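Below is one structure; the comments refer to it alone.
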Amino acid sequence: MKRFLLLGVFATLIYAPVAANAAQPWGLNDEEIVRFDATVVDLLCELTGDCPENCGDGKRQLGLIDGSGKLIPVFKNVVAFAGAAAELIGFCGKTVTADGLFSTNRGTTIFSLQFVREAPDGKWRKANRFLIKWAEDNGVAVDSNAAKTWFRNDPRVKALIAK
Amino acid sequence: MKSLFATIFGALLALALSAGSAAAARVTITGEVIDSWCYLTEIMYPLGTAHRQCALWCAAGGIPAAIVDDDGQVYIILKIETDSVNVANPTILDLQTNRITVEGDTFERDGITYLTIARVIENEGIVNLTADKYGIQPFGE
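Chains U and B, in that order, are what the protein sequence lines are.
Under the working numbering, the residues of the first sequence are numbered 322 to 484, in order.
Under the working numbering, the residues of the second sequence are numbered -19 to 121, in order.
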């Protein structure tokens, strides 16, 4: 049953269009659809004071600090097997409205981002910047099968698996 | 009056601790390098050779890598040695699924434990041979 569930989740991430600007359930454990305003921060900077320009220019994991001061790392975007740095780097230090899922398992709550906009009324965008950038970097169309299954075509991964 | 001051001081202290840099604790940790999202969501079997390919995909995709120790404690890796790049870091990609012992600093914040690795003390390699039992996650190839 679990296998069918996860195949459904990945099929959704790879192929399905997402409804306009509203998070979809993924069937994760103890899942909650949420929308909140928060400031985009560089996690390493926030925790250690090591703060490069522009939150590390997309090379660092980013998080959100909500209105209560809670630091929320962003683990995932809507692209299969991809994280959220590319989605949020354009908003470093700014307040955004984040739309996505909290899910809780193994005693830990994590956040997956599906849509984001600059608060209070910026234009919504789907959290798929990773795929757009990957397609550009690898010289393929973003709607190509090569991009949709980027993980099977990524040269870094191929090299490591070949080792 | 005293209790009022104590309450205000406590509130300010809590605010300062939550808003600024967190206090570090020096630790030595032994565990497997994992993909944090697959492990924490348990969307599939997330350990060892069964999950190595997926863990590489996720690390290359920029999902935070982590170490899970033998007690199940998860440490989100934010730095390795002098390299503060933590999105698709090549050293972390090389270490995915390896069992390693590291010395570093942990930072606790809002229910998550973060780790900056000062040095890798030992690398036992890929020793968690789970593929025979669990297949190759998530697609079986």
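A virtual CB, placed ideally from N, CA and C, is assigned to each residue, including glycine.
These numbers come from a predicted model, not from an experiment.
| field | Three-state secondary structure (DSSP) of Glu121(B) | value | Numbered from its first residue, the second sequence carries residue 121(B) at position 141. Coil, per DSSP.
* Unbroken alpha helix (DSSP H) run spanning Gln33(B), endpoints -> In the second sequence, counting from the first residue as 1, residue 33(B) sits at position 53. Gln33(B) -> alpha helix (DSSP H) spans Gly28 to Ala40.
query = Ala483(U) to Phe472(U), Cα distance in whole Å?
reply = Stepping through the first sequence from its first residue, residue 483(U) is reached at position 162. Stepping through the first sequence from its first residue, residue 472(U) is reached at position 151. Cα to Cα, the separation comes out at about 14 Å.
* Asked: Quick one: is Thr430(U) near chain B, going by C-beta distance under 8 Å?
  -> The sequence position of residue 430(U) within the first sequence is 109, counting from 1. True, the Cβ-Cβ gap to chain B drops below 8 Å.
Contacting positions in the segment 15 to 49 of chain B - beta carbon closer than 8 Å to chain U: Ser16, Trp17, Tyr19, Leu20, Thr21, Glu22, Ile23, Met24, Gln33, Cys34, Leu36, Trp37, Cys38, Ala40, Gly41, Gly42, Ile43 and Pro44
Original post:
Closest Cβ-Cβ distance between Val65(B) and chain U: below 8 Å?
Top reply: Within the second sequence, the letter at position 85 stands for residue 65(B). True, the Cβ-Cβ gap to chain U drops below 8 Å.
Start and end of the alpha helix (DSSP H) containing Leu109(B)? Translated into the one-based positions of the second sequence, residue 109(B) becomes position 129. Element bounds for Leu109(B): n/a, residue is neither H nor E.
- To which residues of the same chain is Lys113(B) closer than 6 Å at the C-beta, ignoring the five residues directly before and after it? To locate residue 113(B), count along the second sequence from 1; it is residue 133. Correct list: empty, nothing qualifies.
### Query
DSSP state of Gly370(U), grouped into three classes?
For the purposes of this step, residue 370(U) is taken as the residue at position 49 of the first sequence. Reduced to three states, the DSSP call for Gly370(U) is coil.
At the level of alpha carbons, what is the spacing between Leu481(U) and Thr93(B)? For the purposes of this step, residue 481(U) is identified with residue 160 of the first sequence, where counting begins at 1. For the purposes of this step, residue 93(B) is identified with residue 113 of the second sequence, where counting begins at 1. Leu481(U) and Thr93(B): Cα-Cα distance of roughly 28 Å.
For this session: Following the continuous alpha helix (DSSP H) through Ile482(U), name the residue where it begins and the one where it ends.
Result: The sequence position of residue 482(U) within the first sequence is 161, counting from 1. Taken as a continuous stretch (DSSP letters only), the alpha helix (DSSP H) holding Ile482(U) covers Pro476 to Ala483.
Within a Cβ cutoff of 7 Å, which residues of the same chain sit near Lys444(U), ignoring the five residues on either side of it in sequence? What you label residue 444(U) is simply residue 123 of the first sequence in a count that begins at 1. So the list reads Arg438, once near-sequence residues are dropped.
| query | Would you say Leu73(B) reaches chain U, if we count a Cβ-Cβ gap shorter than 8 Å as a contact? | reply | Working through the second sequence from its first residue, we reach residue 73(B) at position 93. Leu73(B) counts as touching chain U.
**Prompt:** What did DSSP end up calling Leu349(U) once you bin it into helix, strand or coil?
**Reply:** The count along the first sequence starts at 1 and reaches residue 349(U) at position 28. Coil.
Counting only beta-carbon separations shorter than 8 Å, does Lys391(U) have a partner in chain B? Locating residue 391(U) in the first sequence gives position 70, counting from the first residue. Judged by the 8 Å Cβ criterion, Lys391(U) is in contact with chain B.
Item to complete: Please report the Cβ distance between Arg477(U) and Val65(B), rounded to the nearest whole angstrom; I am assuming they are in contact, meaning their Cβ atoms lie under 8 Å.
Response: Translated into the one-based positions of the first sequence, residue 477(U) becomes position 156. Translated into the one-based positions of the second sequence, residue 65(B) becomes position 85. Between Arg477(U) and Val65(B) the beta-carbon gap is near 13 Å, outside 8 Å, which marks them as no contact.
- Task: Classify Gly91(B) as helix, strand or coil using the three-state DSSP reduction.
- Result: Numbered from its first residue, the second sequence carries residue 91(B) at position 111. Here Gly91(B) sits in coil by DSSP.
Query raised in the report: Using a Cβ cut-off of 8 Å, which residues of the segment 352 to 372 of chain U contact any Cβ in chain B, in chain order?
Result: Leu364, Leu365, Glu367, Leu368, Thr369, Gly370 and Asp371
Margin query: Which residues of the segment 82 to 100 of chain B have a Cβ closer than 7 Å to any Cβ of chain U? Give them in chain order.
Written below: Phe87, Arg89, Asp90, Gly91, Ile92, Tyr94 and Thr96
Original post:
How far does the beta strand (DSSP E) with Arg381(U) in it reach, from first residue to last?
Top reply: Your numbering for residue 381(U) matches position 60 in the first sequence. First-last for Arg381(U): undefined, no H or E at that position.
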